[in-house]
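Take a look at the structure set out below.
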Amino acid sequence: MKKKNITALEELIKDAKDLGVKLVACEMTMDLMDIPKGEFISEVLEIGGVGTYLNAASKSHINLFI
743 MKKKNITALE ELIKDAKDLG VKLVACEMTM DLMDIPKGEF ISEVLEIGGV
793 GTYLNAASKS HINLFI
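For what it's worth, our numbering labels the leading residue of the sequence shown as 743, then goes sequentially.
Right, dumping it as structure tokens:
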């Protein structure tokens, strides 16, 4: 990423956090891929499913589903 002059992932995550972005891990994906919560970076503070996403999206002017 450095060679292509792209901002490092750690810096992008810090910037997002500073802007109030909330990282939520997908519970179903975790179950399907056998990924324990301990595998995530510390910035992932919540695990949620479709209901969690829809609830947050309904209260937001902007939301991203990746």
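Note that beta-carbon positions come from the ideal geometry of N, C-alpha and C, so glycine has one too.
Here G790 is bridged, per DSSP, to C768. At a Cβ-Cβ threshold of 7 Å, E781 and K759 do not count as neighbours.
Contact annotation: I789 and E769 have beta-carbon atoms nearer than 7 Å. Under the DSSP assignment, E752 falls in the alpha helix (DSSP H) whose first and last residues are L751 to D760.
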